[in-house]
Every structure is written in C-alpha cells, then in structure tokens.
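Data block below; observations after.
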Amino acid sequence: MPDSTPAVAPRVRAIQFPNWRSRLFLKGMFERQYNVPENPPWLLEQVLCAWERWAMRIDLSRLTVDRPIFILGLPRTGSTMLQDLCCAHPDIGYITNTMNQFPRCFCAAETWRRRLGLNARGERYIGDSVEVSAETPSEGLMFFGRWFGWDPHNLRYTPRDPMAFTSAEIDAIHQTIRKILWCFGPGPRRFFNKNPALIPDVNILGRLFPDARFVHLVRDPRPCANSLLKLYWADRRQLEFIRSRRRHGVYDDQPFIPYPRVPHLQEYIDEFGPDSLETTAHVWREAMEVIEAARPQLPHFCEVRFEDILARPEAEMQKLFEFCDLPQPRSDNAVYWERFGKIGATRHQNQYAGFERVEKICREQMERLGYT
Numbered sequence: 006m007p008d009s010t011p012a013v014a015p016r017v018r019a020i021q022f023p024n025w026r027s028r029l030f031l032k033g034m035f036e037r038q039y040n041v042p043e044n045p046p047w048l049l050e051q052v053l054c055a056w057e058r059w060a061m062r063i064d065l066s067r068l069t070v071d072r073p074i075f076i077l078g079l080p081r082t083g084s085t086m087l088q089d090l091c092c093a094h095p096d097i098g099y100i101t102n103t104m105n106q107f108p109r110c111f112c113a114a115e116t117w118r119r120r121l122g123l124n125a126r127g128e129r130y131i132g133d134s135v136e137v138s139a140e141t142p143s144e145g146l147m148f149f150g151r152w153f154g155w156d157p158h159n160l161r162y163t164p165r166d167p168m169a170f171t172s173a174e175i176d177a178i179h180q181t182i183r184k185i186l187w188c189f190g191p192g193p194r195r196f197f198n199k200n201p202a203l204i205p206d207v208n209i210l211g212r213l214f215p216d217a218r219f220v221h222l223v224r225d226p227r228p229c230a231n232s233l234l235k236l237y238w239a240d241r242r243q244l245e246f247i248r249s250r251r252r253h254g255v256y257d258d259q260p261f262i263p264y265p266r267v268p269h270l271q272e273y274i275d276e277f278g279p280d281s282l283e284t285t286a287h288v289w290r291e292a293m294e295v296i297e298a299a300r301p302q303l304p305h306f307c308e309v310r311f312e313d314i315l316a317r318p319e320a321e322m323q324k325l326f327e328f329c330d331l332p333q334p335r336s337d338n339a340v341y342w343e344r345f346g347k348i349g350a351t352r353h354q355n356q357y358a359g360f361e362r363v364e365k366i367c368r369e370q371m372e373r374l375g376y377t
C-alpha cells in the first residue's frame, strides 16, 4: 500500500515576470519546470550554439577551479535553503537553471538571458515554499549526468572507478566549470554545487577535485523519509502535467524516481514500491552509509544537521563559511540577509506519520547523528 496519495493536478503557482519578453519566452518553460528539464527548442539551441562558438570571446586564462564546494545531502534535508544562502555570497559561482536548460550552449543562453532581462520567479512545482527563477542555482543534472555517464532510467547504478577518469576527461570537466564561473563576470570565484544525485559519486568528486570542500547536510530521517514521499508524488504529478502539454524528451514513457541511486535502490523499489515509507527510510540509511564509508578519503569534510541550522543559524553559517574558506557575508549583502531572515519560514503545512517504522530501519545511524 502506498503511504500517500497524489492530488489530481499540480498546484497553481503565481509567476512573476519583470517584463513582457519574459512572459512571452519563459511562461511555458516555468510552468513545465522539472528536476530533469525538457529538451530545449531545437532551433533556439542551434542558434545559441552557433553564437557561442563563433561570436563569443570566452577568455578562461585567469579562471581556475579552486576549492569547489559541494553540499552532499538527500533531497528534503534543507539543502536548497543552504544552497540559496551560500549562493548569495559574492565569491560564489554556480550552474543556473538557464544553464541547466541549455547545457550545450550555456554561456550564450545565460548571456542573452541577462542582456534581455529575461526571468520568471515563483514557487517551484514541489509546492514547498521555495522560490526558483531562471537565475537561481540548479543542481546541474544535465552537466553531471554527461560527465559521469548517468542513465536516467536505470535504478541499478554502479559508479565509475574514480581512477578510470583520464587527464583529458578531468581537464574537460574543469574547463566547463571555468566557463560556468566566466558567466559571473571577472574576478576569482569558487564553484558551488548542491546535487543529491551525487551521493553515490562522492569518491569520484574527491578524485576530480582533491581540494574540494564537502559539506554533508543531514536531517532527522523521520520527517525526511516522509518528505521524500511528498517529493515522489510532486514529481509524478508534474511529469503527468508536462506530458499532457508536450513531449518531455527524456521521460516520455518511463517514470522518474527522484531518489539518489544508492546501491540497493532497485531492491527497495521491488520489495516496497517507490511510494513506501520503507523505501525512503532505507534510502536515507544507505545514503548515510555511503557518505560514512567515503569520509576517510575526503580531506576537507564537515557534517552539519539541518536542525542545528534552524536552532542556531548565525553560529552554524559562520562555521560553514569558515570551513569553506569564505569571508563572512558583509552587512550590506542585502540578498544574503534577506534569505537568512527566512531560515525555517514556510507557507505550507506537513503531515508526517510512521515514525516508528522509520526508526526501526534507521536506528543505528540515528544514534550516531544524535537523533534519539
């Protein structure tokens, strides 16, 4: 039996546009937003690719990939809140939602979006009080999927041997990240990424970026496992909505499972189903085990609990910036302090249950992390 039931249709979200051009070009894309974006319009992509190749002068000579920062954590752990806080720092660069929509020509897409003042802002399709826009950070699934060879339909994922990456492959990945940083203008910047799908690939990240800072964000599995079910149904509703309007391109006839490809995910789905609290509790437990096993190979690693950020936001964020070798946000950083003031604020209500079922599966890791 499923632990939750889907609503009939996705929530209606109010969308804010800064100008008529944004409404014309971005309204449909925003309404059809998805974790894995639909294929971009073919002709527009070709034009942008040609522009980027022949008309743009992208000078990477002064840009380096220096101590990139990765947030490791399951979905529904508050990682987007932490991402938005970190990405308000002026020394940070990241993959935007526009870049993730146009991964083959992201420099041109982001440049023209800014020149034309194109944007659309509103609550994301999950319905969890989180606002997104064309310029906000993306998990970058289209980039990492290509780099690491992810199969979007296969739940049985075996990460590639980190030592199998050639120098040429590593150089190509670094060059792409330098181009991402170039989009944010002159001056040194640190690459930042939050992507739950990277949990199984944490050892690869350690190999590609030996000086990276890894922040493992954890949340009590009892609400987290419940919230993962909410994510599953929100993704399912939104995909059905997209299919009712047009082809998605990647998920036209197969379901999307929004859980990281932990080693035994397929077995959990087969035994309990994708909409079972037992499945999401096992995913939480195994994700903790994967990170714990990789921890000795990560020289720059810290662990922070979502609940501690809510309880002591100023102290926890100060420690986080110190760990990442970033200066503390200045008092005149209005964007950061506005987001800081909203820590823990939501406009939605959650109804969680089955805590004892989660505890039975996750007890050992809960005790290690102080969730007793």
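For reference, each letter of the sequence shown is one residue, going 6 to 377 in my numbering. Cβ coordinates follow ideal geometry from the N, Cα and C atoms, glycine included. On a predicted model such as this, the values are computed, not experimentally measured, just so you know.
* With distances taken between CB atoms, is the gap from V223 to E308 smaller than 8 Å? -> When the beta-carbon positions are compared, V223 and E308 come within less than 8 Å of each other.
* Below 6 Å CB to CB, which residues in the same chain sit around R183 once its five sequence neighbours on both sides are set aside? => Excluding residues within five positions, the ones whose Cβ falls inside 6 Å are L65 and L68.
* Asked: How many Å lie between I131 and G150 at the Cα?
  -> Cα-Cα distance, rounded: 22 Å.
* Asked: Using a Cβ-Cβ cut-off of 7 Å (strictly less than) and excluding sequence neighbours within five positions of P205, which residues of its own chain qualify?
  -> Cβ neighbours of P205 within its own chain (closer than 7 Å, five residues either side excluded): Y162, P164, P265, R266, V267 and V295.
* Residues near V220 by beta carbon distance below 6 Å, same chain, minus five either side -> Excluding positions up to five away in sequence, the list reads I76 and C307.
* Asked: Do you know whose CA, among E276, A230 and S281, lies nearest P80's CA?
  -> Out of E276, A230 and S281, A230 has the C-alpha closest to the C-alpha of P80.
* Asked: With 16 as the cutoff for other CB atoms within 10 Å, does Q21 come out buried or exposed?
  -> It is exposed - the Cβ of Q21 has fewer than 16 other Cβ atoms within 10 Å.
* State the Cα-Cα distance for the pair V363 and V255, rounded to the nearest angstrom. => When the Cα atoms are used, V363 and V255 turn out to be separated by approximately 33 Å.
* To do: Enumerate in chain order the residues of its own chain whose CB-to-CB distance from I209 is below 8 Å, with the five nearest sequence positions on each side excluded.
  => Non-local C-beta neighbours of I209 in its own chain, meaning closer than 8 Å and more than five positions away in sequence, comprise F153, P164, R165, P167 and F170, ordered along the chain.
* Nearest CA to the CA of N44: which residue from G192, N355, K199 and T103? -> Measuring C-alpha to C-alpha distances from N44 to each of G192, N355, K199 and T103 identifies T103 as the nearest.
* Hey, how far is the Cα of R28 from the Cα of R126? -> In this model, R28 and R126 are separated by some 11 Å (Cα to Cα).
* With a CB to CB cut of under 8 Å and the five nearest residues on each side skipped, what residues in its chain are close to G122? -> If we look at G122 and ignore the five residues flanking it on each side, its Cβ neighbours are P23, N24, R26 and S27.
* Asked: Secondary structure at C91, three-state DSSP: helix, strand or coil?
  -> Three-state DSSP puts C91 in a helix.
* Asked: Looking at the structure shown, is C229 part of a helix, part of a strand, or coil, going by DSSP?
  -> Correct three-state label for C229: helix.
* Bridge-paired residues (DSSP) for I97 -> In DSSP, I97 forms a bridge with R195.
* **DSSP beta-bridge partners of L77** => BP columns for L77 point to H221.
* Verify whether the separation of the beta carbon atoms of T141 and F311 is less than 8 Å. => For T141 and F311, no; Cβs fall outside 8 Å.
* Would DSSP call R373 helix, strand or coil? -> Helix, per DSSP.
* Asked: Exposed or buried, R317, counting other C-beta atoms within 10 Å across all chains shown (16 or more means buried)?
  -> R317 counts as exposed, since fewer than 16 other C-beta atoms from the protein chains shown sit within 10 angstroms of its C-beta.
* **Residue from A139, Q370 and E361 whose Cα sits closest to the Cα of Q38** => The shortest CA-to-CA distance from Q38 to any of A139, Q370 and E361 is the one to A139.
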